[in-house]
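Visitor: Heads up, the sequence shown is in our numbering, so the first residue is 64 and it goes up one at a time.
Heads up, the beta-carbon is just placed ideally off N, CA and C, and yes, glycines get one too.
Only a predicted model underlies this, so the values are computations on that prediction, with no experimental measurement involved.
Quick one: the structure is below, questions incoming.
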Amino acid sequence: MKPTQTHPFDKKLFQDNVKRHLNVTYATTVESASPHVWYLAMAKAMAEMTMLNLLETEQDERVIKAKSVNYLSLEFLIGRLTGNNLISLGLYDEINDAMQELGHSLTDLLEEERDPSLGNGGLGRLAACFMDSCAAMEYPTVGYGLHYEYGLFKQSFKDCQQKEAPDAWQGIEGYPWEVARPELKQDIGFYGHVDVEYIDGEERRTWVPGMKVQAMPWDLPIVGYENNTVYPLRLWEARAIAPFSLESFNNGNYFEAQHALIDADNITKVLYPNDNHEKGKTLRLMQQYFHSAASMGDILRRHKAAGFSLDELPDYETIQLNDTHPTIAIPELMRILMDEQAMPWDQAWGICSRTFAYTNHTLLPEALESWDESLIQRLLPRHMEIIYEINRRFLLEVSAKWPGDVSKQQKLSVIQEGFHRMVRMANLCVVGAYAVNGVAALHSDLVKRHLFPDFHELYPDRLTNVTNGITPRRWLKFCNPDLSNLISEKIGDEWPAHLEQLEKIADYADDSEFQEQFMAVKKANKQRLADWVQEHMGIELNPDAIFDVQIKRLHEYKRQHLNMLYMLSLYHRLKTDDSFDMHPRVFFFGAKAAPGYYLAKEIIYAINKIAETVNADPQINDKLKVVFIPDYRVSIAEIVIPAADVSEQISTAGKEASGTGNMKLALNGALTVGTMDGANVEIREEVGDDNIYIFGLDVDGVDELRANGYNPYDCYQADPLLKASLDLLAGETFTPGEPGKLRATYESLLNGGDPYLVLADFASYVQAQEAIDHDYRDIQVWAKKAILNTALMGKFSSDRSIRDYVNRIWKLKPVKR
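If you want it as structure tokens, here you go:
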């Protein structure tokens, strides 16, 4: 709640509320409360203010009657809410003063908050940015996700290897920003059978579930920037309907007494349960249906409560599917309309096919979800029937377009034939949605040309592009306050809501005084990160070194191992060539590897073993340091990103859909070293060739190399530096007495065929890095490039992304409160 005439901020009342929560909510006193409990009480008092505005927004007749977007995503990586909400509420200074009078530093209290573990990486962070922008621009929005008990996992390193532990992000006391909404709970079914009856000669099919669980909603407030709008992020928690059997307990069957509770709890226990076994696959599909069904039920409840008919659903609700995870919502809506509302197919499909829109986030075949037909048949028998019928009718369209072309039918069919018939969820999305978008210009072009070319021919107006964006409120104003203040001194303070205004900063790119101020801010941010690393990891860093950052999920296509090979090349040259000179450099990594992803975990192990040796080698003389920060998360990114000099965006061309880390880093004055992939292409267009370091094969080059037959040994034998670097992995330099311990990456690159062309791009990558080393030594040259990166990032605001969605897909109007 921004301080307004309606709800002015009352410092004394706020302080009294904080003390009340200390006493009543957390059963402690002003004298005995720990800093963590002080944080909880402060956040609770703030949350009360935002919840008032959430209810007022929810009950605003103009919001109720307006068209809204419902954003369905299995991930919302929202980060810590307290500091960001203080910025949006415009109360940072007021609450800082209030807490100082109570004897506590706001900065210290904010560090007590744990990141809500509700997502994995870019997909979830994008969803969070989009919610922020919708609230900032007041487009009616409800976000729908899952209330995970443990989220992904908490990462630590033991003997340099990744270890996973449950991430109990809510803590013992609960999360102060969330509120249960029991009046909105629903029952969700699974398994069972389909009953068939005939009424007036018409067949009616009804699903009779064999198991039901309760969906309990929890709301998190998404606070609009400097307005009175607060929209809900509604997270569903699975609970047993009858969680305890007293009869079984009294008969001594203690486990059986809680069996229903255990079954229900498993659904929202953890983000992305491991699905490399049958039980894991079943649980993951249960999770997706639970999310989709609860969200659909709530959307329809709100729609009916507003007084609208079901035929008007597309006029007042759009449902954005963030990737394929909520795809089952399409047959779920069809089931409700036909089975519960007795609509004929054509009427139901007319509503359904004008309500859903789908965002595609990947070109990787293994990331395009397919579910075993028999699993859906068993878990959701009625939905499988509906999927069959959707596909049957769709293939009639295909046959009409391409008569007798069986290969077209096989490529486009929702059902993939084979020994195990599979349901292709991306195909179902394209068939069932009125709009399909990629997330960067290159990605969307590749979706049309390579991923869905036949769909594009069949539906030429359905596939479009919306380039991703990031919220400048969190990713500049909040995480980099010194740079934000410097910018505001020059161009005013409206830029957080109008990021295109940053272009005015370009006028100061050659101003020596501004360059000094800009680089002084960068130096202070680097010192803050160095202090954090010293405190938490015991590694001493030189803030005058180049801070080279790669922070993203650990995956072969993102090529952390290309970065690692370059580190090895520097180490080799420092150890063997007395004439070799380089500016000191610190390589930062932050990444989690999926628990079942063997090679990704081996790359983490290798980087950590290299770091152990390099950081302790006196001969290197601090020219080279390596830091792998454990448990990478949003709050870590908020420290690392403002400190970065170099942003590593080095995926194989054609593999990264967009990326948003590239935008965050460039916005904070880091220079990108990257391939022509994802949004790097558009960043290059904005900042110009002189202010970005592009290397490697482009998409056409990748295709040509593969078409001509790629042999990684050719690169290995032709480049002595590459050979020496790779051979370090095969020896015992970093694992004394245990040769070959780091050989997994070596084998994947040479004998495994180097599927992501790491060796093919190595020489070009080294050249780009040498250009960085050269340019960084001229502080004025570097400062100008860094300033221009910040100044020219206006396009990459998530506000612009949302405006694109609104204009091209959602057709919403803002409701200014």
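At 3 residues or longer, what runs of the beta strand (DSSP E) sit wholly inside the region 510-593?
Guide: As far as the region 510-593 is concerned, its whole beta strand (DSSP E) runs of at least 3 residues are 526-528.
Visitor: DSSP on Glu94, reduced to helix/strand/coil?
Guide: Residue numbering aside, residue 94 sits at position 31 when the sequence shown is read from its first letter. Three-state result, Glu94: coil.
Visitor: Do Thr853 and Gly732 have their C-beta atoms within less than 8 Å of each other?
Guide: Stepping through the sequence shown from its first residue, residue 853 is reached at position 790. Stepping through the sequence shown from its first residue, residue 732 is reached at position 669. Going by C-beta atoms, Thr853 is nearer than 8 Å to Gly732.
Visitor: Could you tell me the distance, in whole angstroms, from the CA atom of Ser507 to the CA atom of Tyr695?
Guide: Locating residue 507 in the sequence shown gives position 444, where the first residue counts as 1. Locating residue 695 in the sequence shown gives position 632, where the first residue counts as 1. Spanning the two alpha carbons is a distance of roughly 29 Å.
Visitor: Within 8 Å, do at least three Cβ pairs link the region 390-408 to the region 161-173?
Guide: Short answer: they don't touch.
Visitor: Does DSSP put Pro71 in a helix, a strand or coil?
Guide: Along the sequence shown, read from residue 1 onward, the residue named residue 71 stands at position 8. DSSP places Pro71 in coil when its eight states are reduced to three.
Visitor: Return helix, strand or coil for Pro647, following the three-state DSSP convention.
Guide: As a position in the sequence shown, residue 647 is number 584, starting the count at 1. Coil at Pro647, not helix or strand.
Visitor: Look at the alpha carbon of Ile757 and the alpha carbon of Ile453, and state the distance between them as a whole number of angstroms.
Guide: Here residue 757 is taken as the residue at index 694 of the sequence shown, counted from 1. Here residue 453 is taken as the residue at index 390 of the sequence shown, counted from 1. When rounded, the distance between both Cα atoms is 45 Å.
Visitor: For Asn490 versus Ser721, is the C-beta distance shorter than 8 Å?
Guide: Taking the first residue of the sequence shown as position 1, residue 490 is located at position 427. Taking the first residue of the sequence shown as position 1, residue 721 is located at position 658. Not in contact: Asn490 and Ser721 (Cβ atoms no closer than 8 Å).
Visitor: How far does the beta strand (DSSP E) with Ala301 in it extend, from its first residue to its last?
Guide: For the purposes of this step, residue 301 is taken as residue 238 along the sequence shown, with counting starting at 1. Its beta strand (DSSP E) spans residues 293-303.
Visitor: What are the boundary residues of the alpha helix (DSSP H) that Ile683 is part of?
Guide: Within the sequence shown, the letter at position 620 stands for residue 683. Looking at the DSSP string, Ile683 is not in any alpha helix (DSSP H), and its letter there is neither H nor E.
Visitor: When we look at the beta-carbon of Tyr317 and count the other beta-carbons within 10 Å, is it buried (16 or more) or exposed?
Guide: Against the sequence shown, residue 317 aligns to sequence position 254. Reliability fails at Tyr317, whose pLDDT of 47 lies under 50, so the model's placement of it is uncertain and no value is given.
Visitor: Using CA atoms only, rank isn't needed, just tell me which of Gly166, Gln578, Glu201 is closest to Asp123.
Guide: As a first step, residue 123 must be located in the sequence shown, where it is residue number 60. The residue with the shortest Cα to Cα distance from Asp123 is Glu201.
Visitor: Measure how close the beta-carbons of Ser168 and Tyr211 come, nearest whole angstrom, since I'm counting them as under 8 Å.
Guide: Position 105 of the sequence shown, counted from the first residue, corresponds to residue 168. Position 148 of the sequence shown, counted from the first residue, corresponds to residue 211. About 31 Å separates the two Cβ atoms, so there is no contact after all.
Visitor: Taking the alpha carbon of Met279 as the reference point, which residue from Asn543, Asn771, Ile285, Phe353 has its own alpha carbon closest?
Guide: For the purposes of this step, residue 279 is taken as residue 216 along the sequence shown, with counting starting at 1. Per the Cα distances, Phe353.
Visitor: If you draw a straight line from the C-alpha of Lys130 to the C-alpha of Val612, how long is it?
Guide: The sequence position of residue 130 within the sequence shown is 67, counting from 1. The sequence position of residue 612 within the sequence shown is 549, counting from 1. If I take the Cα positions, the gap works out to 42 Å.
Visitor: So, Pro909 versus Val126, is the Cβ gap smaller than 8 Å?
Guide: This structure gives no information on residue 909, because the portion of the chain shown stretches from 64 to 880.
Visitor: Any chance you could list the alpha helix (DSSP H) runs of at least 4 consecutive residues sitting entirely within the region 656-681, in chain order?
Guide: Whole alpha helix (DSSP H) segments, 4+ residues: 661-678.
Visitor: Suppose only complete runs of 4+ residues qualify. What are the alpha helix (DSSP H) ranges in the region 161-248, listed by chain order?
Guide: With a minimum length of 4 residues, the continuous alpha helix (DSSP H) runs that stay inside the region 161-248 are 169-173, 185-200.
Visitor: Can you name, in chain order, every residue of its own chain whose Cβ lies under 7 Å from the Cβ of Pro606, other than the five neighbours on each side?
Guide: Here the question's residue 606 lines up with position 543 in the sequence shown. Excluding positions up to five away in sequence, the list reads Lys586, Lys589, Gln590, Ala593.
Visitor: Report, in whole angstroms, the separation of the C-beta atoms of Phe139 and Ile865, which I expect to be a contact under 8 Å.
Guide: The residue labelled residue 139 in the question sits at position 76 within the sequence shown. The residue labelled residue 865 in the question sits at position 802 within the sequence shown. Actually they are not in contact, since the Cβ atoms of Phe139 and Ile865 sit about 16 Å apart, beyond 8 Å.
Visitor: Check whether the Cβ atoms of Asp824 and Leu784 lie closer than 8 Å to each other.
Guide: As a working mapping, residue 824 is identified with position 761 in the sequence shown. As a working mapping, residue 784 is identified with position 721 in the sequence shown. Their beta carbons are not under 8 Å apart, which means Asp824 does not touch Leu784 by this criterion.
Visitor: List in chain order: all unbroken alpha helix (DSSP H) runs of 4+ residues lying wholly within the region 384-415.
Guide: Listed in chain order, they are 392-398, 408-415.
Visitor: Assuming His635 and Ile666 form a contact by the criterion Cβ under 8 Å, report the distance between their Cβ atoms to the nearest whole angstrom.
Guide: Numbered from its first residue, the sequence shown carries residue 635 at position 572. Numbered from its first residue, the sequence shown carries residue 666 at position 603. Not really, about 19 Å apart at Cβ, beyond 8 Å.
Visitor: May I ask which residues mark the beginning and end of the alpha helix (DSSP H) holding Asn626?
Guide: Taking the sequence shown and counting its residues from 1, the one referred to as residue 626 is at position 563. It spans 623-639 - the alpha helix (DSSP H) in which Asn626 sits, taken as one unbroken run.
Visitor: By Cβ distance, which residues of its chain are closer than 7 Å to Lys107, with the 5 residues on each side in sequence left out?
Guide: Along the sequence shown, read from residue 1 onward, the residue named residue 107 stands at position 44. Result list for Lys107: His84, Thr88, Pro239, in chain order.
Visitor: Report, in whole angstroms, the separation of the C-beta atoms of Asp361 and Leu247, which I expect to be a contact under 8 Å.
Guide: To locate residue 361, count along the sequence shown from 1; it is residue 298. To locate residue 247, count along the sequence shown from 1; it is residue 184. Indeed, because the Cβ distance is near 6 Å, the residues count as touching under 8 Å.
Visitor: Run through the DSSP bridge pairs and tell me what His256 is partnered with.
Guide: For the purposes of this step, residue 256 is taken as the residue at position 193 of the sequence shown. For His256, which the question treats as bridged, DSSP gives the partners Val271.
Visitor: Does the region 643-659 come into contact with the region 796-803, if we say contact requires no fewer than three beta-carbon pairs (one atom in each stretch) closer than 8 Å?
Guide: Counting Cβ pairs under 8 Å, fewer than three are found: no touch.
Visitor: To the nearest angstrom, how far is it from the Cα of Pro394 to the Cα of Leu363?
Guide: Here residue 394 is taken as the residue at index 331 of the sequence shown, counted from 1. Here residue 363 is taken as the residue at index 300 of the sequence shown, counted from 1. One C-alpha to the other measures close to 15 Å.
Visitor: Note down the Cα distance separating Ala669 from Leu805, rounded to an integer number of angstroms.
Guide: The residue given as residue 669 occupies position 606 in the sequence shown. The residue given as residue 805 occupies position 742 in the sequence shown. Approximately 6 Å between the Cα atoms of the pair.
Visitor: Alpha carbons only, please: which of Glu745, Leu820, Ala807, Met739 is nearest the one belonging to Ala777?
Guide: To locate residue 777, count along the sequence shown from 1; it is residue 714. In the sequence as displayed, the identity of residue 777 is Asp instead of Ala. Ranking the options by Cα distance to Asp777, first place goes to Leu820.
Visitor: Checking 8 Å against the spacing of the C-beta atoms, do Trp281 and Val242 come in under that value?
Guide: The residue labelled residue 281 in the question sits at position 218 within the sequence shown. The residue labelled residue 242 in the question sits at position 179 within the sequence shown. Their beta carbons are under 8 Å apart, which means Trp281 touches Val242 by this criterion.
Visitor: The beta strand (DSSP E) spanning Ile609 covers which residue range?
Guide: As a working note, residue 609 is residue 546 in the sequence shown. Here the beta strand (DSSP E) through Ile609 covers 609-614.
Visitor: Pick out whichever of Met630, Val132, Glu603, Gly214 has its Cα sitting closest to the Cα of Ala231.
Guide: Along the sequence shown, one-based indexing puts residue 231 at 168. Ranking Met630, Val132, Glu603, Gly214 by Cα distance to Ala231 puts Gly214 first.
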